[in-house]
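In this note's numbering, the protein residues as written are 1274 to 1752. Where a beta carbon is used, it is the ideal one built from N, C-alpha and C, also for glycine.
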Ligand SMILES: [Cu+2]
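The structure is reproduced here in structure tokens:
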């Protein structure tokens, strides 16, 4: 990782000296350091690698990686920085990088046929953008996404607040699941019909930061910020910290009023991030478990928190958890809001009769022959460059009522914007958080609002990646 350099001033000086001779240079004002944006440069390679995910006796797993790592190298910059990422595709298939949750120009969004041409094997692409918001974000491919992500392509993108948020230390937990064969290879049944029409590709092994979950050492009295990111294709995590009360401080990167989650459960669907503050209120030598409550009727212990014997970091309990500073999001103007509706239909055991595909209506029995089983407002997608499901005027406030008429949950993700969840299932959403992904309950509704302040054609799709294969993708045009 390299950063802070002055390429513009150097190249200008080089060019100028070539044109007018070095004597003139002394008369020219040099760009002041204060006016130079902080440019952070990274090299990122999508490349095959072998990763030690399972215990040694199973052997290494051939994966797709960013910079040879599982999860991919964490990119970390400060709010307001300009980021320049030199991306190289060392895979034998095309790919792109999508910067999930970052509000950046459409040309940098990594969506094929909209933002850019896929980066062919052996080719490169330079992504460059300024990061307006602080928070926990992530990146992943947007080509053959289900397979490339199931093979390991994803990484976390952390954007630090300009003023550091006060905690004793920070942790990042990248949550994932994998579908392994007995020999530690990844099962190559990508996009199989059963996963597309049901709940997506779930795995048989869970990892945290690319390893089997283990122990989490803590010290009494510590205050820890934990950044949780779910990079799984389809699995929803519902985490509960035994004997502890982590406060949620951010959702999908964006600050939210610090609060205890309902039933002490952190629900993290694919694509979502949750930042929590954990006060280690136990005693030296204590242990506790972090449990995944998704599996009803059985207690799945994911991580064991283990207190060291060290004396507490501080004698008395910490003060209340304070809020993060707001990100510079455009405020909603509800008085002028334009209303829209998007209905999700289809899936196994659903009631969808048929849908439009490539401009033709097909009854469901025909549609499945094209591998499509889901539709948004009656249209099953066949490309990322779909005709817009709705158009929002640049600068306008828009409210979308999303209706899930299916028997499955769907984490619906909007590119290029944050939106506010006003209601779920007709009831005001507590804290009305700003997010980029909303988890729709089966047969549930959500009312979401956003200011269309970033021009372009932006994907609105399910983050269960096999559902995208089955057609659950649309485009919202901001113009
Ligand atoms: Cu879905």
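By the three-class DSSP mapping on this structure, what secondary structure does residue i have?
{"i": "residue 1685", "result": "strand"}
{"i": "residue 1477", "result": "coil"}
{"i": "residue 1736", "result": "coil"}
{"i": "residue 1348", "result": "strand"}
{"i": "residue 1713", "result": "strand"}
{"i": "residue 1512", "result": "strand"}
{"i": "residue 1392", "result": "strand"}
{"i": "residue 1449", "result": "strand"}
{"i": "residue 1466", "result": "helix"}
{"i": "residue 1438", "result": "coil"}
{"i": "residue 1679", "result": "coil"}
{"i": "residue 1537", "result": "helix"}
{"i": "residue 1420", "result": "helix"}
{"i": "residue 1662", "result": "coil"}
{"i": "residue 1444", "result": "strand"}
{"i": "residue 1594", "result": "coil"}
{"i": "residue 1298", "result": "At residue 1298 the pLDDT is 39, less than 50, meaning the model places this residue with poor confidence and gives no usable figure here."}
{"i": "residue 1384", "result": "coil"}
If contacts are defined as beta-carbon pairs under 8 Å, then residue i and residue j qualify, I think. What distance do you get, rounded to the angstrom?
{"i": "residue 1491", "j": "residue 1448", "result": "Not confirmed; about 19 Å, so no contact."}
{"i": "residue 1511", "j": "residue 1545", "result": "About 12 Å; that fails the 8 Å criterion."}
{"i": "residue 1580", "j": "residue 1556", "result": "7 Å"}
{"i": "residue 1319", "j": "residue 1368", "result": "5 Å"}
{"i": "residue 1336", "j": "residue 1322", "result": "6 Å"}
{"i": "residue 1427", "j": "residue 1411", "result": "6 Å"}
{"i": "residue 1679", "j": "residue 1744", "result": "Actually they do not touch by this definition, with Cβ atoms about 12 Å apart."}
{"i": "residue 1653", "j": "residue 1629", "result": "7 Å"}
{"i": "residue 1525", "j": "residue 1751", "result": "At roughly 19 Å, the Cβ-Cβ gap does not stay under 8 Å, so residue 1525 and residue 1751 are not in contact."}
Is the separation between the beta-carbon of residue i and that of residue j shorter than 8 Å?
{"i": "residue 1576", "j": "residue 1548", "result": "no"}
{"i": "residue 1409", "j": "residue 1377", "result": "no"}
{"i": "residue 1676", "j": "residue 1721", "result": "no"}
{"i": "residue 1501", "j": "residue 1451", "result": "no"}
{"i": "residue 1527", "j": "residue 1691", "result": "yes"}
{"i": "residue 1713", "j": "residue 1683", "result": "yes"}
{"i": "residue 1383", "j": "residue 1372", "result": "yes"}
{"i": "residue 1640", "j": "residue 1473", "result": "no"}
{"i": "residue 1493", "j": "residue 1553", "result": "yes"}
{"i": "residue 1594", "j": "residue 1520", "result": "yes"}
{"i": "residue 1695", "j": "residue 1731", "result": "no"}
{"i": "residue 1391", "j": "residue 1385", "result": "yes"}
{"i": "residue 1352", "j": "residue 1434", "result": "yes"}
{"i": "residue 1558", "j": "residue 1582", "result": "yes"}
{"i": "residue 1762", "j": "residue 1551", "result": "Only positions 1274 to 1752 of the chain appear in the structure, and residue 1762 is not among them; the question remains open."}
Can you check DSSP and say which residues form a bridge with residue i?
{"i": "residue 1618", "result": "1648"}
{"i": "residue 1696", "result": "1701, 1720"}
{"i": "residue 1334", "result": "1324"}
{"i": "residue 1428", "result": "1345, 1412"}
{"i": "residue 1488", "result": "1577"}
{"i": "residue 1459", "result": "1453"}
{"i": "residue 1672", "result": "1612, 1722"}
{"i": "residue 1600", "result": "Beta-bridge pairing links residue 1600 to no other residue."}
{"i": "residue 1318", "result": "1361"}
{"i": "residue 1400", "result": "1358"}
{"i": "residue 1407", "result": "Partner(s): none; residue 1407 has no beta bridge."}
{"i": "residue 1560", "result": "1579"}
Residues near ligand 1, CB to any non-hydrogen atom under 6 Å, in chain order?
Around ligand 1, the residues whose beta-carbon falls short of 6 Å from at least one of its heavy atoms are 1683, 1735, 1737, 1740, 1745, given in chain order.
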